[in-house]
Structures are given as structure tokens and as C-alpha cells.
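In this text, residue positions in the sequence shown follow the numbering used here: the first is 1171, and each later residue adds one. Just so it is clear, CB atoms sit at the ideal spot from N, CA and C, and this is done for glycine as well. Since the structure is predicted, the reported quantities are computational estimates derived from the model, not experimental observations. Just below is one structure, and these are the notes that go with it.
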Amino acid sequence: MATDTLKSTTGASGASGLRRLLLDNGALTALIVLVIAMSALSGDFMTTDNLLNVGVQAAVTAILAFGVTFVIVSAGIDLSVGSVAALSATVLAWSATSEGMPVFLAVLLAVATGIACGLVNGILISYGKLPPFIATLAMLSVARGLSLVISQGSPIAFPDSVSHLGDTLGGWLPVPVLVMVGMGLITAFVLGRTYIGRSMYAIGGNEEAARLSGLRVKKQKLAIYAFSGLFAAAAGIVLAARLSSAQPQAAQGYELDAIAAVVIGGASLAGGTGKASGTLIGALILAVLRNGLNLLSVSAFWQQVVIGVVIALAVLLDTVRRKAGATPAPAGASQGGKGKQAATYLLAAVVAAAVVGATSLLHSGTSEAKSQKIGLSLSTLNNPFFVQIRAGAQAEAKKLGVDLTVTDAQNDASQQANQLQNFTSEGLGTIIVNPVDSDAVTPAAKAVNKSDIPLVAVDRSVNNATTAALVASDNVTGGKLAAKSLAEKLGGKGKIVILQGQAGTSASRERGSGFAEGLKAYPDIEVVAKQPADWDRTKGLDVMTNLLQANPDIDGVFAENDEMALGAIKALGSKAGKSVQVIGFDGTADGLKAVEAGTLYASVAQQPTELGRIAVQNAVKAAEGDKVEKSVMVPVKVVTKENVAGFTG
């Protein structure tokens, strides 16, 4: 039996060599396949500019993921890194601008903020005995809240000396990529060459055994989570530098991308395995997926599905690898093992380059009429108003015979910057942008300007960059009209509450300031509460329900969009339209139905379909070199039950 077993093992060793190689380097294999596939499907993917875009777009996720690698290797989890990144960037911008602190000290304070957040996580986990999931979930909320408190919900301009971190060296090499590489080398050194790195693997492999062997596990965990906070601070600074402003709502959901990058890179959530190179490959896979799917005009909704499937497959591969007995090389592996690994990476690069070079022939000799291709980046498609802008734009594009690609930034300024970069790489005829934030979009808009592609802004302006045209409604005027209409309905006196949009967005600021300005003419109107409900109907319902507990005798509600107004109506029940008057903003289909039913007193109606239609008209003119108006204002109108029947939108 022993002889038969030996023969079987020996005979199988050669046949299983390729299988084991693929299992040991699953993430690298996946990255190569993705690059080849995207190169075959899109002729714009393998351009130098686009590959640099992929690097920039991977940078923030990779830096966050390097810090999360320490935590996952030690069998922990950190859900707070996105919020800590936003808080650290906000602290830097606030201290350097509002407080006049020297930039060097402001950077140190931002880094210290990240480390402090990590230490708090470590204390709660090590000494408070809280599960890592709960402790870091609490820090996620605390850090995000502090970021909003410090910034008062508005973006803070970043110091110029730090904003250079978002620039390029020599006009072509992006600084974020250099920072990513530097942080990756630090991660590799810590994991492979230091006592604390070996401790991470020991704690992740078997915490009790590590403790019995003499490791001070509690203190080691403090250091591990402090590392995670440090890397989160670095990522926040790079992200804010890229956007030229600290956004209090920045990096939302980035903690999930960071965890996904670590897992895709071969680390196990059970702990004990993981390496810096795998994490970098995982971050690049996510960036290549998003970049390539954007270039292929795949819906943002389907992009989320694809990325979810990739994460699931990565975990499945980890399970298969474990069953097959294939594991990543441990820290401190022999030089021979490292040499073999380096040879594997070199061979992979050669194979990928050869195949990509061959697939590029598929696109040679083809020349699309890109002057007839337009890209439209919307701030979100999770809102009927922007869905109507898309519908108007698509209808006009079809009428004019042009190719329109629509992307969804999901209210993330960084994601929108990525989308504008991708559009620029494609060399489109014109780019239309509906900014998440008018200031945060500036660096990406300036890059579009440098490429000589006309840029058209719709609904919201782009600050400090050149636009061929701005197609918009006047939010400030709309806010004033809302104040006047509500005050007159209430007879010039009463108590009201305000439901605000997402903190930091220009639309919320403009509508809110216009409403406040309009209320100055009515001193007997008292605003008893203001709370954000993030443009969302469900949040509008919850926030309004809570406000009614403290203010049951209110007379009116101003919601900065119809979705929140509809949530407020649900919370008010039978009071809506009778004892409490509610006014919304946007003139969406559901909002107008509520106006017709009498539960919503009025909506300050924009004409979103018209905005989208006119934006495409101007984009086509700009692409063809025709003269366009710098500012095209689509009028707003207060729609009530009396005139709703004649309003077409």
C-alpha cells in the first residue's frame, strides 16, 4: 500500500504542477485574464493614459487595504477605515485653513488622528473585549460624525502644498501611484521582516497558542489597529489631495472595497495568511474591473453585481486552495521561494504583454467617430430627478444619432473623478458632468480641459475649471420661491422644520441658503429644527418621525427634494396637507402626484427631462465647434394643486 501511494503521489506531481501554480497565484492569474479580456474588448484600455488612470483609481483603495491587511492577517476586521480616512483629511484641511496651523503640523495632526482612532479600536477590542466587528462599526459612525461636525457638513479646501499629492511628476507619473507603491513596500517590510509582522501571523493562526508562547497579544493588537489607522489617514490625505478638498462624506463604503481587495489578494478572513503583493493585485483587479466596465459602457448597477461575483469567486478560490493544500508563502520564506515567486511574476508579465500585444491588433486600423460619442457622468441614479435627466439626454441623443454613455457616481466625488478620467482616456467628443460637488470635481475637470475635450455641466456648476456651457436651474432662486410659497400658505407665521439633502453637496447648500434668505422677509416664521435626510425617502420618513416627537406642533416642512418630502408626508399621516403644509423641490413624477392629491402643498419644479435634452444639444454643438451659450438657465416653477395639471416637466 505504501508503494502504491508513493507511485500515485509521484505520478500526480507533474500533472498537478500547473494546477498548484494557478491555485497559489489565483489573484495574479485573474488579473492577467482581466487585462487580456479588457484589451480585447476595448481599444482604449491599453493606452498609456488609461493604464495610469487604473493606477490612480486603485491607489486609495490599495493604501486602505494595506492597513486592513495587518488586521485581517491577525484574524480581525476593521470597518472604520473609510470614515477614519475622511476624518483625518478633514482635520488636516480644517487645521491648516480655519485654524491657520502650519501645513507640516496639520499633516502630523491628521496622521495622529488616524493612529488615535486605530488605538481606540485596539483598546476596545483588546481590553474592552468587544468583537472587532462591533468596535470598528462604532468607530465608523463616530469618525464620520466628527468629520461632519468639524466641517459643518461642507467641503473644506485643501492646502495647495498638500494638494500636489494628487498631481503628477514630470507631467505624466501620478503621485498617488508613487504613494501606493511606497505604502506597499512598507507593508511588505513590516509583514516579512519585523517582529510585529511575525506576531500578526502567529495571532491570526492561533491566538491562544501565540499568547501561551509569550506574545503580548493585547499590546500587539493595539499596534495592529494603530497601523490600520495610520494607513487610513494616508489614504484620506491622498484622496482629499486628488479632489483638492476634504469631503466629510468621502470614502463611504471604501472599507468594503479594502476588505475585498485583501480577500481577493489571497488573504483569509480566518487569519494567518496574506501578503502585500496579493493585496495590491486585489486592488488592481477592482480598479481594472471598474475602469474596463466604464469603457464598455456597462451600467453602474451591473458593475456592482460583477464586483460582488468577483469577491464571491475569490473566497471560493481560497476555499479550494485550502482543500488542495496550497497556501501562500509564510513570512520569512526562503530566498529560493522568493526567487521562484519573482520568476512567476516576471513570466506572468511577459505572457500578459505578449497576449495583450496580439489582441491590440484587433483594434488597429479601426477608427470610431468619437466626435459623435458623448459621456454623461451623473451624481446618482438613485433619485428620480437624475433618472429623468438621463431619460431626456438619452432621448435627445437618439434623436441626433449620437452615442451616449451614462455613468452613475453614486454620490461619490472620487468615483466621479475616475469616470471623468475614463471618459478622457476614450477621447470622446464631449463630456457632460452633473457634479457630486462643484469643488471636488475641479481637478478632474481641469484634466478634461487639458485634453481639449469640451466639458458641459448640467444642474450643478463646475468651479475653477472651464466649461463650454452650464445647463442648470437656479437652486438659490428656487429656495427663495419655496420660502415665499410656504410662508404665504402659513399666513406669515408658524413653526417649521427643514429636511436637508446630503451634507456637503452644492444643491443642498444652495437650496438651503436660498430658503434662509427668503425667510428673512417673514420674521414670524420660526425654524425649530434642521436635519439631513440625504435626499432619501426612507430617511425622510425616519428623520421626520423623530422630529415630530420633539416638535409635535409644527405647521410646515421644507424638504430640499421631493423624495424627502414624500417621506415626511408618510410620517405626518393625516396631518399632511391639512394642519401641516409640506413643500418639496424638483417636481418629480411622484412629487407631482402628491401635489395633485393635496398631501404635498407644492414642489419647486425643475424640468429635469429638459435639462438632459438641452445638455446633449449643447454637447453636440461643442463637439462640432459651433458656438454655445456659456449659461443656459432652465426656469423653475412653483407647482401647486391649482396649476399641476398644466405642468409638463
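According to DSSP, simplified to helix, strand and coil, what is residue i?
i	result
Met1803	strand
Ala1627	strand
Pro1605	coil
Lys1540	Note that Lys1540 scores a pLDDT of 48, beneath 50, so its modelled location is shaky; the value from the coordinates is reported in the next line. If DSSP states are grouped into helix, strand and coil, Lys1540 belongs with the helices.
Gly1452	helix
Pro1702	strand
Leu1222	helix
Ala1420	coil
Ser1655	helix
Thr1647	helix
Ser1209	helix
Gly1816	helix
Ser1547	strand
Thr1600	strand
Asp1712	helix
Lys1569	helix
Ala1229	helix
Ala1482	helix
Trp1342	coil
Lys1445	coil
Val1632	coil
Ser1369	helix
Ala1437	coil
Lys1791	helix
Phe1215	coil
Gly1661	coil
Gly1535	Here the model assigns Gly1535 a pLDDT of 44, short of 50, so the residue's position is not dependable and the matter cannot be decided.
Just curious, the beta strand (DSSP E) that residue i is in, first and last residue?
i	result
Thr1594	No beta strand (DSSP E) contains Thr1594, which is instead part of the alpha helix (DSSP H) from 1583 to 1596.
Ala1642	1639 to 1642
Gly1664	1664 to 1670
Leu1574	1573 to 1578
Can you tell me where the alpha helix (DSSP H) with residue i in it begins and where it stops?
i	result
Ala1245	Premise fails: Ala1245 is in no alpha helix (DSSP H) and is neither H nor E.
Gln1390	1387 to 1413
Asn1553	Segment: none, Asn1553 is in no alpha helix (DSSP H) and carries neither H nor E.
Glu1812	Per DSSP, Glu1812 belongs to no alpha helix (DSSP H) and is neither H nor E.
Glu1377	1377 to 1382
Leu1348	1345 to 1363
Asn1619	1612 to 1620
Among residues of its own chain, excluding the 5 on either side of residue i, which ones have a beta-carbon nearer than 7 Å to its beta-carbon?
i	result
Asp1578	Ala1470, Leu1548, Thr1550, Leu1551
Asp1760	Pro1554, Asp1732, Leu1736
Gly1506	Residue confidence is low: Gly1506 scores 49 on pLDDT, short of 50, so the model does not pin down where it sits. Its coordinate-derived value is still stated next. Cβ neighbours of Gly1506 beyond the five flanking positions: none.
Gly1375	Gly1441, Gly1442
Thr1708	Gly1737
Leu1318	Pro1418, Ala1673
Asn1645	Ala1677, Glu1680, Arg1681, Gly1684
Ala1561	Thr1779, Gly1782
Thr1283	Leu1257, Ser1258, Val1261, Ala1403
Between residue i and the rest of its own chain, which residues show a CB-CB distance below 6 Å, the 5 nearest in sequence each way excluded?
i	result
Ala1457	Val1224, Gln1227, Ala1228
Leu1294	Leu1300, Ala1305
Lys1616	Ala1635
Phe1556	Leu1548, Thr1550
Thr1715	Ala1741
Glu1425	Leu1249, Val1251, Gly1252
Ile1320	Thr1260, Trp1264
Which same chain residues, not among the five before or five after residue i, have their C-beta less than 8 Å away from its C-beta?
i	result
Leu1307	Leu1249, Ser1250
Ile1559	Leu1548, Asn1604, Val1628, Asp1629, Pro1778, Thr1779, Leu1781, Gly1782, Ala1785
Ala1720	Ala1699
Ala1396	Ile1285, Gly1288, Leu1289, Gly1292
Leu1279	Val1261, Leu1262, Ser1265, Met1271
Ala1232	Met1350, Met1353, Gly1354, Ala1431, Thr1449, Leu1450, Ala1453, Leu1454
Phe1817	Gly1757, Leu1762, Ala1775, Lys1807, Val1809
Lys1791	Lys1797, Val1798
Would you say residue i lies against chain D (beta-carbon separation less than 7 Å)?
i	result
Gly1375	No chain D appears in this structure, which consists of one protein chain only.
I think residue i touches residue j, with their Cβ atoms under 8 Å apart; what is that distance to the nearest whole Å?
i	j	result
Val1750	Lys1811	At roughly 16 Å, the Cβ-Cβ gap does not stay under 8 Å, so Val1750 and Lys1811 are not in contact.
Val1808	Ser1655	5 Å
Ile1373	Val1387	6 Å
Gln1591	Ala1614	6 Å
Val1632	Ser1608	6 Å
Ser1584	Leu1413	7 Å
Asn1788	Val1802	7 Å
How about residue i: is its Cβ closer than 6 Å to a heavy atom in the ligand GDP?
i	result
Val1205	Looking for the ligand GDP in the displayed structure turns up nothing, as the structure carries no ligands at all.
(request) Output the residue ranges of the alpha helix (DSSP H) runs that lie fully inside the stretch 1252 to 1338 and measure 4 residues or longer, sorted by chain position. (result) If you keep only unbroken alpha helix (DSSP H) runs of at least 4 residues inside the stretch 1252 to 1338, you get 1273 to 1296, 1302 to 1321, 1330 to 1333.
(request) Taking only runs that begin and end inside the stretch 1718 to 1779, name each unbroken beta strand (DSSP E) of 3 or more residues, in chain order. (result) Listed in chain order, they are 1726 to 1729, 1751 to 1756, 1772 to 1775.
(request) Enumerate, from N- to C-terminal direction, the unbroken alpha helix (DSSP H) stretches of 4 or more residues contained entirely within the stretch 1673 to 1700. (result) With a minimum length of 4 residues, the continuous alpha helix (DSSP H) runs that stay inside the stretch 1673 to 1700 are 1676 to 1689.
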